[in-house]
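Undergrad: Have a look at this one.
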Amino acid sequence: MRVAIIGGGAAGFFLAIQLKTMQPDAEICILERQHRVLAKVEISGGGRCNCTNSFAEVTDLAQVYPRGARLLKRLFRQFDHHDMMGWLEEHGVPLVVQEDQCVFPEAQDSHAIIDCFLRECRRLGVKIRTGVDGFAEVFGNEDKGERNGKECGCAYDVVVITTGGMKGASLPAWLREQLTIEPPLPSLFTFKINDPELCALMGTVVENASASIPGTKWRTQGPLLITHWGMSGPSILKLSSHAARHLAECNYRSPLSVNWTGEGNTERVRETLLGIIADYPQRQVQSIRPFDLPRRLWEYILAKMSLHADARWAELGKKNLNKLTELLTNDTYQIAARGTNKEEFVTCGGVSLKCVDSNTLKLKASTRPALFFAGEVLDVDGVTGGFNFQAAWTTAYAVAKGIANEYDSTNEL
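Under our numbering, the first residue of the sequence shown carries the number 17, and numbering increases by one thereafter.
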């Protein structure tokens, strides 16, 4: 069995290793267009590689996978985060679980995983070719009128497409015509907000804020970072992921609501403020920061409601109490655009899950060679926190197992 894996990223490498382990006689070749492999693994997590998540705080996969949760729930029965963590540990990559449940190599260096994958490929005899157009190599050159495996005399029995974040856009035109492609759109991006006073607070972090798009069901909670262009941090990135298509339809212009307190009950926020008034009536408002808000943010909120910083808590009055409660729990902004930082490389969209078998991720339409898909080329994506890498590991394993099982039963594909 000859297998070509188009795409030398996380899913492609892990798939090659798993399949070669299951089928030692298989000839497996990874074909990567760039001259470097595992590029996203190298830069993820600031070079530390947030390789998965403990899932300890996840009660429903839909919380962390805006698209593909149902498929992954099925595939996690084959291979989940416990399996991945165990595999890495067994192959010489000790791991640490942070307080936020993100999992990193103990070395805090993505090369711990890269070196592991390369070492395993060498040991198993997986071939790696870089600077190669995998589609032209496998299917022929469209410019020369070669449209499919038969026309170009494809020498592979199986082809797996793991081209990552480019999604369906990277597929040859003839193949795109046979597939349903969900339009690829940016996901996991920051928000640009044209508010000079807010942006002057750059570097300020609120550890337990919540963010939402008014008029929608999307609401996320977690650390929020104020930047020189607007807002970032896990709560914003999660929101951008869940609302990716909605925000694209709005041309990335939308109202945004922020609850700075982390408290979901507005009345309890009001009671907290009333408690401060009762206990410290003569203290200056600026001197007591409710909910441990950062000093600069608290001063910004007071200025936003035109309340003099020297004012006493006893002087707040009902009108200002209501206004302060509203600002703390429903501070509204206008998203002017999405952030375009280079590290924001996750996209939603790709090959529709309706096109593939839900157990093996094999293309339902009959083709020769047999076609499979794994990783982000599928319409599967997660929020920040190691979830996208876990989707890559899980789908890669499912494909490897599907190929191995089918080859065992028929001795051909």
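Where a beta carbon is used, it is the ideal one built from N, C-alpha and C, also for glycine.
Tell me the start and end of each unbroken beta strand (DSSP E) in the segment 315-399 that is at least 3 residues and wholly inside, in chain order.
TA: DSSP assignment within the segment 315-399 yields the following whole beta strand (DSSP E) runs of 3 residues or more, N-terminal first: 347-354, 363-367 and 386-389.
Undergrad: So, with DSSP's three-state summary, where would you put valine 109?
TA: The three-state reading of DSSP puts valine 109 in coil, since its state is none of H, G, I, E or B.
Undergrad: Where does the unbroken alpha helix (DSSP H) through glutamate 213 begin, and where does it stop?
TA: DSSP places glutamate 213 inside the alpha helix (DSSP H), whose first and last residues are 212-215.
Undergrad: Do you know how far the Cα of threonine 243 is from the Cα of phenylalanine 307?
TA: Distance from the CA atom of phenylalanine 307 to the CA atom of threonine 243, rounded to whole angstroms, is 21 Å.
Undergrad: Please state whether DSSP places leucine 204 in a helix, a strand or coil.
TA: coil
Undergrad: Could you say if the segment 90-100 and the segment 143-154 meet the contact criterion of at least three C-beta pairs nearer than 8 Å?
TA: no
Undergrad: Assign proline 310 to one of three DSSP states: helix, strand, or coil.
TA: coil
Undergrad: CB-CB under 6 Å to glycine 169, same chain, minus the five flanking residues each way: which ones, in chain order?
TA: Below a pLDDT of 50, predicted positions are generally treated as unreliable, and glycine 169, at 42, falls in that range; the measurement from the model is reported next regardless. If we look at glycine 169 and ignore the five residues flanking it on each side, it has no Cβ neighbours.
Undergrad: Using only CA atoms, which one of Tyr296, Arg299, Thr348 and Asp295 lies nearest to methionine 321?
TA: When each option's Cα is compared against that of methionine 321, the closest is Thr348.
Undergrad: Considering only residues of the same chain and omitting the five flanking positions on each side of glycine 63, which have a CB-CB separation below 6 Å?
TA: Ser126
Undergrad: What three-state label does DSSP hand glutamine 237 in the structure shown?
TA: Glutamine 237: strand per DSSP, three-state reduction.
Undergrad: Is alanine 20 helix, strand or coil by DSSP?
TA: strand
Undergrad: Proline 110: buried (16+ other C-beta within 10 angstroms of its C-beta) or exposed?
TA: That one is exposed.
Undergrad: How long is the line joining the alpha carbons of valine 112 and asparagine 66, rounded to whole angstroms?
TA: The alpha-carbon atoms of valine 112 and asparagine 66 are separated by roughly 10 Å.
Undergrad: Under 8 Å: does the beta carbon of lysine 417 sit that close to some heavy atom of the ligand NAP?
TA: The ligand content of the structure shown is nil, which means the ligand NAP is not present either.
Undergrad: Check whether chain C comes within 9 Å of threonine 179, counting only Cβ atoms and requiring the distance to be less than that.
TA: Included in the structure is just one protein chain, with no chain C present.
Undergrad: With 16 other CB atoms within 10 Å as the buried threshold, where does glutamate 105 fall?
TA: Taking all protein chains shown into account, glutamate 105 has fewer than 16 neighbouring C-beta atoms within 10 Å of its C-beta and is therefore exposed.
Undergrad: Could you tell me which of Glu422, Lys417 and Tyr423 sits nearest to phenylalanine 92, measuring between CA atoms?
TA: Lys417
Undergrad: In whole angstroms, give me the CA-to-CA distance for glycine 278 and serine 226.
TA: 6 Å
Undergrad: If you reduce the DSSP assignment to three classes, tell me which class tryptophan 409 lands in.
TA: helix
Undergrad: Name the one or two DSSP bridge partners that asparagine 69 has.
TA: Cys118
Undergrad: If you draw a straight line from the alpha carbon of threonine 37 to that of threonine 376, how long is it in whole angstroms?
TA: The alpha-carbon separation between threonine 37 and threonine 376 amounts to approximately 17 Å.
Undergrad: Count the other CB atoms within 10 Å of the CB of isoleucine 44; is the residue buried (16 or more) or exposed (fewer)?
TA: buried
Undergrad: Any idea what DSSP makes of glycine 84, helix, strand or coil?
TA: Three-state result, glycine 84: coil.
Undergrad: Using DSSP with H/G/I as helix, E/B as strand and the rest coil, what is aspartate 159?
TA: Unreliable placement is indicated for aspartate 159, whose pLDDT of 44 sits below 50; no coordinate value is reported for it.
Undergrad: Tell me which same chain residues have a C-beta within less than 7 Å of the C-beta of lysine 160, skipping the five on either side of it?
TA: Since pLDDT at lysine 160 reaches only 47, below the 50 mark, its modelled position is unreliable, and the value read off the structure follows with that caveat. Excluding sequence neighbours, lysine 160 sits near nothing in its chain.
Undergrad: Using beta-carbon positions only, say whether glutamate 58 and glycine 23 come within less than 9 Å of one another.
TA: no
Undergrad: How big is the Cα-Cα spacing for leucine 54 and glycine 291?
TA: 54 Å
Undergrad: Can you check which of these residues, Tyr413, Asp424 and Gly401, is closest to asparagine 69 by C-alpha distance?
TA: Gly401
Undergrad: Considering only C-alpha positions, which residue in the set Met17, Ala260, Leu343 and Val174 is nearest to aspartate 395?
TA: Answer by Cα proximity: Ala260.
Undergrad: Would you grab the beta carbon distance between aspartate 116 and serine 257 for me? Rounded to a whole angstrom, and I think it's under 8 Å.
TA: Rounded, the Cβ-Cβ distance is 16 Å, inconsistent with contact.
Undergrad: Run through DSSP, which three-state label would methionine 101 get?
TA: helix
Undergrad: Give me the Cα-Cα distance between valine 19 and tryptophan 190, rounded to the nearest whole angstrom.
TA: Their backbone Cα atoms lie some 21 Å apart in a straight line.
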